[in-house]
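Have a look at the structure below, then the notes.
Right under this line is the structure:
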């Protein structure tokens, strides 16, 4: 007979010594499910309870799963969330999906075995009831009446004592890094140096330094939290699907295990005269790519302590008296605390083209039957006193280049780096470049945010040229997808959108970049080929407005003419989104951060140049 007893009385065996101790708080965490969606437990704090049951291909306890489905049928619409969790026993998501084809539950892929360990799961027939408001486990054991009792108590907001019922199902095998063998000097410090210290140092953009063993020890609870919730390193992608990304910031499963298990074991530092973090040396130059050939000093901007700062459009005269071919460029922000982004446009000597004229030229370049239909539609809207539905025109005609509305120039024209947190360098591959003609200038759209303290920003832009007389043989181009109309309902937790960008010629795709604002939740990019087949290129399951990153493919992807890049994503306009300025309002397109955009930026090189 199985007898419930207080978890506080449970003596953990040596085999489970890395799991949580009786009565301890588990903490917040985030995992990606087998379909690619990320689930962050703090987002579920409007639920009364969260229930987990282990899953693994060929190892799932079917009786427990059937019992859980019965509980799910009763409580799923009563603010109780249900998940299966694969404790690192398989990483093949397709195999997992096939194994639960008829089960309506997401499987959280705990590839690093950290969450299952933190939840105290030791057997495949062992379920957990978790309180998302306190991040505590309130029940662990088989799916039976004690589990439902824990759910009912949480729903009634009663005081719930931790209860465990003994499980005797198949054991879960935990592997990977042994906590007792982890060395700060040999294991922890190298991870911090490689992934954290560049920002977390004196003069870095992070709010605190991790430049010694004492600093890492002191910040170890925070390190554990941001690793478990996937907040840091920033800008993480789903690296288990899609194409390999050159500038990916994710920690490996082994690195995550090393950090978290070392911290859980007490963050011990062995005595040593040589602390690797104190020996790190950082360049004192502001330029990551070396001293530029041309430095452009943006006029200093005084940013007030509070309030809304309107977008600034700042013209810059480059002072070029001769044509120069650009190898790359870089932005050195003066005050990154307030500078949110810069969109940089090159203005040719004859001036920027008129967007309306360029738009009509793009329409007229379509087959005449389609062009005539679009013109008729636009003129009918104008005659009725309405604005033409530009978004519909681009959606139904993805081979129109959205870039024409954003100031796209001729094929040879150079581009110059813009800026967003984590994205400040534009660098061409060897033999690829763009032309800055004599008399060219820049137009900078600059966006600032206030921080509670008045600051002066003196940003600089550096440009690197090819040697005089050297003309690179190839040019980089690309495309932009932009949803020109948005209507996100109030309190919508997962408002989905899709846009399509057309690749007109055979090309090598180099990079992809999502862009949304505070309500942006996720975005993935899919290539749809002319034969109708699809391929996932990149998934960003937890988009962050604070990190505007361009994701560069490790190897360029050659795609045929007529390929469509589909951006599928979603917005969270609910109160669960901690960055949401106002969940009670409908959100429309706009440039300010409290408004929204849904955009994809793509860089590719046309194969016809080879």
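In this note's numbering, the protein residues as written are 240 to 849.
The beta carbon of each residue, even a glycine, is placed where N, CA and C say it ideally should be.
Predicted model, so just to flag it, every value in this text is computed and none were measured.
In this structure, residue 415 sits near residue 352, with a CB-CB distance shorter than 8 angstroms. For residue 555, the three-state secondary structure derived from DSSP is strand. Here residue 520 is exposed. Its C-beta has fewer than 16 other C-beta atoms within 10 Å. Residue 675 sits close to residue 557, with the two beta carbons spaced by under 8 angstroms. Contact between the segment 690 to 699 and the segment 567 to 577 is present: three or more C-beta pairs spanning the two stretches fall below 8 angstroms.
Counting C-beta pairs closer than 8 angstroms gives fewer than three between the segment 658 to 668 and the segment 626 to 639, which falls short of the contact rule. Between residue 275 and residue 780, the C-beta spacing is below 8 angstroms.
Here residue 321 really is in contact with residue 307; their C-beta atoms are around 7 angstroms apart, less than 8 angstroms.
Rounded to whole angstroms, residue 370 and residue 386 show a C-alpha spacing of 13 angstroms.
The continuous alpha helix (DSSP H) containing residue 356 extends over residues 353 to 358. The count of Cβ pairs closer than 8 angstroms, one atom from the segment 310 to 319 and one from the segment 454 to 474, stays below three, leaving the stretches out of contact. Counting of Cβ neighbours within 10 angstroms places residue 396 among the exposed residues, the total staying below 16.
Residue 310 holds the alpha-carbon nearest to the alpha-carbon of residue 318 among 357, 273, 310. About 14 angstroms separates the beta carbon of residue 517 from that of residue 427, a gap too long to meet the 8 angstroms contact definition. Taking the CA atoms as reference points, residue 375 sits about 37 angstroms from residue 789. When rounded, the separation of the alpha-carbon atoms in residue 268 and residue 483 is 25 angstroms. At a Cβ-Cβ threshold of 8 angstroms, residue 585 and residue 652 count as neighbours.
DSSP places residue 304 within a helical segment (H, G or I) once states are collapsed to three. Secondary structure of residue 696 (DSSP, three-state): strand. With respect to residue 832, residue 688 sits close: the two C-beta atoms are nearer than 8 angstroms. Rounded to whole angstroms, the Cβ separation of residue 799 and residue 768 is 6 angstroms, and the two are in contact under 8 angstroms. By the criterion of a C-beta distance shorter than 6 angstroms, residue 445 is surrounded in its chain by 438, 439, once the five residues flanking it on both sides are discounted.
Partner residues in the beta bridge of residue 662, as assigned by DSSP, are 659. DSSP places residue 564 within a strand segment (E or B) once states are collapsed to three. The DSSP-derived three-state label of residue 578 is strand. As computed with DSSP, residue 762 is found in a beta bridge with 779, 808.
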